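Read the structure below first, then the notes.
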Amino acid sequence: MKRIALILFLFLLTPASPTQAAMTDWTEVQGGAVRLIASGPLENGQYQAGLEFLLDPGWHTYWRSPGEAGIPPRITLSDADNIGDLEILYPVPEHHDDGFSRSIVYHGGIVLPMQVFPEAAQKPVRLSIDVFFGICNEICVPGDASLSLDLTPETRADMIAAKLIARNLAAVPVTGGNDDLDITSVVPTSEGDRLVIRAKVAGDETPELFAAGPEGSFIGLPELTAHTEGEAYWELPTRGLAVSDEDNTLRLVLSAGGKAIEHLQPVDPGWVK
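Quick note on this note's numbering: the sequence shown kicks off at 122 and runs consecutively.
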């Protein structure tokens, strides 16, 4: 009932006018709801859209890599039209420990920003996706939805959708290091069963590191082994790493002090056991 009341409240806040961009109805699942939103017209050759999750208190869903347990979101195009490319972005997640396993999750309300690039800019776009995801509290259940939006270059701006998408775009890590945050090396141990990840970290706040292996990988979580002034070290087990001709990239997201960067590390085939 609380979720339904919140959905109705958000609906009443959304102006019903011709300026509103495309937005699907909510698809309810146990513990939450999901919908597809778009912010407005074609800009710089792309549409800004987003997959929005609204989760009940105490419930969570998962990052692109779930950690030791969980189901990551699987988003596939279905009956789409005039889409040249679709890029799905992931804001910085949280660590979650339920006493049995450690996961990488999102709580509350979260939007996965989606950048939609049409093949033909002046033609309408049919953004149609199937999404399968895990959602957990004391129990874990699968969730799924089929969502579709029709977008045109004349679609007017929707300020609410634009703010939701912009809020979470700001939380997407930037690619590459900077003076405050940087992954400086990734090397295997002499035994070859772990990777030692070294990072430059400004400030005293304890940094967090999230790892997502190439598609088909099932890896654990990096363990912080040392944190001194300006530097931090983690160890990541190589067990579960997999590579393919299509994907050999280990994604490392380093977060501290309200900032986050993403480091794309090619996986040496020798690391795969």
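Where is the CB? At the ideal position from N, CA and C, for every residue including glycine. On a predicted model such as this, the values are computed, not experimentally measured, just so you know.
Look at residue i and residue j and say whether their C-beta atoms are less than 8 Å apart.
| i | j | result |
| --- | --- | --- |
| Leu272 | Thr148 | no |
| Thr305 | Ala320 | yes |
| Arg195 | Val252 | yes |
| Leu362 | Trp392 | yes |
| Gln382 | Leu375 | The identity of residue 382 in the sequence shown is Ile, whereas the question assumes Gln. Closer than 8 Å, so yes. |
| Met235 | Ile209 | yes |
| Gln386 | Val262 | no |
| Ala266 | Val155 | yes |
| Pro343 | Val364 | no |
| Phe339 | Pro214 | no |
Going by other Cβ atoms of all chains shown within 10 Å of its Cβ, with 16 needed for buried, is residue i buried or exposed?
| i | result |
| --- | --- |
| Thr276 | buried |
| Glu336 | exposed |
| Gly264 | buried |
| Ala242 | exposed |
| Ala291 | exposed |
| Ser199 | exposed |
| Thr182 | buried |
| Leu134 | Its pLDDT being 46, under 50, Leu134 is placed unreliably in this model, and the value from its coordinates should be taken loosely. Exposed: under 16 other Cβ atoms inside 10 Å. |
| Phe221 | exposed |
Hey, how far is the Cα of residue i from the Cα of residue j?
| i | j | result |
| --- | --- | --- |
| Gly297 | Val307 | 14 Å |
| Phe238 | His216 | 32 Å |
| Ile281 | Ser160 | 8 Å |
| Ala201 | Ala347 | 48 Å |
| Val226 | Pro245 | 35 Å |
| Ala190 | Arg288 | 28 Å |
| Gln169 | Leu157 | 11 Å |
| Leu270 | Gly205 | 16 Å |
| Gly379 | Gly334 | 24 Å |
| Gly179 | Ser224 | 14 Å |
| Thr197 | Arg247 | 13 Å |
| Glu356 | Pro187 | 18 Å |
Using CA coordinates, which residue listed in the options is at the minimum distance from residue i?
| i | options | result |
| --- | --- | --- |
| Ala353 | His181, Pro212, Asp303 and Ser224 | Asp303 |
| Thr359 | Ala154, Pro178, Glu329 and Glu312 | Glu312 |
| Gly171 | Ile340, Thr182, Ile231 and Pro309 | Ile231 |
| Leu345 | Glu329, Ala333, Phe339 and Gly334 | Glu329 |
message = Restricting to runs no shorter than 4 residues, where is the alpha helix (DSSP H) found entirely within the stretch 269-331?
response = As for any alpha helix (DSSP H) of minimum length 4 sitting wholly inside the stretch 269-331, the runs are 280-290, ordered along the chain.
Contiguous beta strand (DSSP E) assignments of at least 3 residues, all confined to the stretch 330-371 = List check, beta strand (DSSP E) in window: 344-349 and 352-358.
request  = Identify every run of the beta strand (DSSP E) within the stretch 134-185, keeping only runs that are complete inside it and at least 3 residues long; order them along the chain.
outcome  = If you keep only unbroken beta strand (DSSP E) runs of at least 3 residues inside the stretch 134-185, you get 148-150, 153-159 and 168-176.
query = Residue ranges of each beta strand (DSSP E) run of no fewer than 3 residues wholly in the stretch 227-270, ordered along the chain?
reply = As far as the stretch 227-270 is concerned, its whole beta strand (DSSP E) runs of at least 3 residues are 230-239 and 246-257.
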